[in-house]
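Note sheet for the following structure.
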Amino acid sequence: MADTDVRLRPRKKGLTRSQKRRLSRGVQYAVFVAAVIAVAVTADWGRLQNQFAQPDIARQMFPDVLTLALKNTVLYTVSGFVLGVALGLVVALMRLSSVGPYRWVASVYIEVFRGLPALLIFVFIAVAVPLAFPGTEIPGGTYGKAALGLGLIGAAYMAETFRAGIQAVPKGQMEAARSLGFSPARAMVSIIIPQAFRIILPPLTNEFIMLFKDSSLVLLLGVTLEERELSKFGRDLASTTANSTPILVAGLCYLLVTIPLGFVVRRMEAKAQEAVK
Amino acid sequence: MSTPGTPGTPAATGTAEIQVRDLHKSFGDNQVLKGIDLEIRQGEVVCVIGPSGSGKSTLLRCVNLLEEPTRGQVFVGGTEVTDPDVDIDAVRRRIGMVFQQFNLFPHLSVTENLTLPQRRVLRRDKATAARIAAENLARVGLSEKADAYPSSLSGGQQQRVAIARSLAMGPEVMLFDEPTSALDPELVGDVLAVMRMLADEGMTMMVVTHEMTFAREVADRVVFMDGGVIVEEGAPARVIGDPQHERTRHFLSRLLDPAMAEVEEETSDQVGGTER
Ligand SMILES: Nc1ncnc2c1ncn2[C@@H]1O[C@H](COP(=O)(O)OP(=O)(O)OP(=O)(O)O)[C@@H](O)[C@H]1O
Ligand SMILES: [Mg+2]
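Heads up: the sequence lines are chains U and D, in that order. The numbering of the first sequence is the working numbering, which starts it at 7 and goes up by one. The numbering of the second sequence is the working numbering, which starts it at 880 and goes up by one.
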């Protein structure tokens, strides 16, 4: 401290820019090292390892964590995503419609389902729907309910993404198609939407990742042993073994999918950036 | 029609392919077309010239109903386009349109740009569509680009593909909206050559353009528009070579010598502005 003061004194106007930069970086490193030391000292490593990294318990999870839990997670996510894309596309087209009521319904849908916590939507499907419509069964059992919940949530986000994508296609594309004799619907399907899809592939992948994580809420639907996905599987095993290792393993399984997908998204974005140049 | 100085176009020869009657178009309060009457006979090439904002594009776009006229009628090949009950998609199949910005479909290859509209709109089978696509690519001299994507082509090549795409639909009429304005000067010639070829083959053409040489050499008739009306029309030699109206003369002198026009404008501003 005193050392810096001595060096500073001759310069009445304060630090030069490079000095400031060096000082700022020095402070940042110092804070980082202090934080790491603090964690290392305060954490009880022995207990942590006991709680989260028991190789025996981890081994016991295989292969079910992959062949059952991860498989179900992927299944729920994919079916929810497919439903979300279809419904989202319809909502996006309604949002862009020249018919007022369509636009209003679409806007309300988007606001409601983006504004509600995903957890509440699943509680609704599990509790409220059977009460409100007694006798009606959502087809597909847990799988159908999961797809419905994730699809409803995904559609609200994807509708906005689709709308932005469709609007990002230059107006001249629709005009060229119309002047060739395409009907509006056919132009939308064969000319506009394929181009919009390319534009929105990165955000769409992000929405897939979001649904992948939200699929953990399926446990609220009350699932059988065979229907468990990663989170429920991990939690159940954690309570039977009285150890948290299964939670850690389940978490790693999520990252196994989300990290590569995130990487793919960044690659696509970089490529799109390049194409613009 | 208030076009004095126009030599009456011989309406007797040939049937009218495009007929525009008392056409008005407003965007909100902005009156863009203020009563256009125009007739284009089969096989005729008509160039529309005029200053920016005079309504040339709007007129062209009203012919295939990309813009809905506020008032008046448009007929194409005897069908009233402005009839609310007309199947506009069916009419548009008979009218080709070429845009300043080409508007090729970037997600499709050159051949697919030509085949997809034929397949989807005309319901032609795969083989027929491919054959007609190849024929029309050959016509515009781009057979070797059949598998390329639009982004890899020069502007001039893209515009020729756009023309071929329209031609593959077998139109009776071709509309061109400043087809060479977005091109580098050295690429203009190739596109004009294709248009010249079409004119020689007897295609009915309505061309908005600033290419006076093309208008002079290829057009049967030149129409000068200003402020939403047709000011003057007639043979190119008359309208371009010997304009009768002050507005036409002013426009042409500006076009031919922009530097002169600027000087002219400055002096007229001074005269109109401050009296000393
Ligand atoms: N879709 C639109 N909405 C509102 N105003 C429009 C629209 N299209 C054209 N206009 C207006 O109509 C007027 C005429 O436009 P138009 O494009 O027909 O002129 P133009 O003669 O083709 O000019 P240019 O040579 O610049 O292409 C302009 O004032 C323009 O602002
Ligand atoms: Mg224009």
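Beta carbons are placed, not taken as given, at the ideal position from N, Cα and C, and that holds for glycine. Note that the structure is a prediction, hence the values are computed from the model and not measured.
Between VAL80 of chain U and ALA161 of chain U, how many whole angstroms is the CB-CB distance? I'm expecting something under 8 angstroms.
At roughly 19 angstroms, the Cβ-Cβ gap does not stay under 8 angstroms, so VAL80 of chain U and ALA161 of chain U are not in contact.
Which residues in the same chain have their Cβ closer than 8 angstroms to the Cβ of ARG1128 of chain D, if we skip the five residues on either side of it in sequence?
Hits under 8 angstroms: PRO1122.
For the alpha helix (DSSP H) containing GLU213 of chain U, list its first residue and its last residue.
Segment 199-220, the alpha helix (DSSP H) holding GLU213 of chain U.
Identify, in the order they occur along the chain, each residue of the same chain with its Cβ nearer than 6 angstroms to the Cβ of PRO1029 of chain D, setting aside the five sequence neighbours on each side.
Taken in chain order, the residues that qualify are LEU983, PRO985, GLN1037.
Closest by CA to LYS913 of chain D, which one among D:ASP1079, D:GLN952, D:ASP1099?
Cα-wise, what sits closest to LYS913 of chain D is D:GLN952.
Compute the Euclidean distance between the alpha carbons of ASP50 of chain U and LEU207 of chain U, then round it to the nearest angstrom.
Cα to Cα, ASP50 of chain U sits roughly 44 angstroms from LEU207 of chain U.
Of the residues U:LEU223, U:LYS238, U:PRO209, U:VAL42, which one's Cα is nearest the Cα of LEU74 of chain U?
Checking every option, the nearest Cα to that of LEU74 of chain U belongs to U:LYS238.
Where does ASP901 of chain D fall in DSSP's three states?
ASP901 of chain D falls in the strand class under three-state DSSP.
Can a CB atom of chain D be found closer than 7 angstroms to the CB of GLU181 of chain U?
Answer yes: the Cβ-Cβ gap between GLU181 of chain U and chain D drops below 7 angstroms somewhere.
Which of the three DSSP states, helix, strand or coil, is assigned to ALA890 of chain D?
Legend: pLDDT at ALA890 of chain D = 38, less than 50; position of this residue unreliable, no value from coordinates given.
Would you mind telling me which residues of chain U sit closer than 7 angstroms to LEU995 of chain D, beta carbon to beta carbon, in chain order?
Those are SER196, listed as they occur along chain U.
Any chance you could list the residues with Cβ under 5 angstroms from a heavy atom of ligand 1, keeping chain order?
Every residue passing the under-5 angstroms Cβ criterion appears here: D:PHE906, D:VAL911, D:SER931, D:GLY932, D:SER933, D:GLY934, D:LYS935, D:SER936, D:THR937.
Start and end of the beta strand (DSSP E) containing PHE954 of chain D?
Taken as a continuous stretch (DSSP letters only), the beta strand (DSSP E) holding PHE954 of chain D covers 950-955.
Between the alpha carbons of ALA138 of chain U and ILE131 of chain U, how many angstroms are there, rounded?
So the two alpha carbons sit approximately 10 angstroms from each other.
Only counting the same chain, and skipping five residues up and downstream in sequence, which positions put a Cβ closer than 6 angstroms to that of PHE1130 of chain D?
So the list reads PRO930, once near-sequence residues are dropped.
Using 10 angstroms around the beta-carbon of ILE265 of chain U, count the other beta-carbons present and answer buried if the total reaches 16, otherwise exposed.
Flag for ILE265 of chain U reads exposed.
Strictly by DSSP, which residues pair up with ILE915 of chain D?
DSSP output for ILE915 of chain D lists D:LEU902 as bridge partner(s).
Pair every Cβ in the segment 192-199 of chain U with every Cβ in the segment 170-180 of chain U, then say whether three or more of these pairs are closer than 8 angstroms.
Judged by Cβ distances under 8 angstroms, the segment 192-199 of chain U makes contact with the segment 170-180 of chain U, as three or more pairs qualify.
Just grab the DSSP bridge partners of THR958 of chain D for me.
For THR958 of chain D, which the question treats as bridged, DSSP gives the partners D:VAL955.
Count the other C-beta atoms from every protein chain shown that fall within 10 angstroms of the C-beta of LYS277 of chain U, then say buried if there are 16 or more, exposed otherwise.
LYS277 of chain U comes out exposed.
So which residues on chain D does GLN65 of chain U lean against when the C-beta distance must stay under 8 angstroms?
Rather than Gln, the amino acid found at residue 65 of chain U in this sequence is Arg. Result: empty, since nearest Cβ-Cβ is about 49 angstroms, beyond 8 angstroms.
Indicate the three-state DSSP secondary structure (helix, strand or coil) for PHE1055 of chain D in the structure shown.
Looking at PHE1055 of chain D - three-state DSSP - the assignment turns out to be strand.
Suppose you measure from the CA of MET1082 of chain D to the CA of GLU181 of chain U; what does that come to, to the nearest Å?
Whole-angstrom Cα-Cα distance: 22 angstroms.
Measuring only the C-alpha atoms, how far is LEU258 of chain U from PHE218 of chain U?
Whole-angstrom Cα-Cα distance: 13 angstroms.
In the DSSP output, which residue or residues are listed as bridge partners for ASN909 of chain D?
Its beta-bridge partners are D:PHE906.
Tell me, please, whether the CB atom of ASN943 of chain D is closer than 7 angstroms to any CB atom in chain C?
The displayed structure is made up of protein chains U and D, and chain C is not among them.
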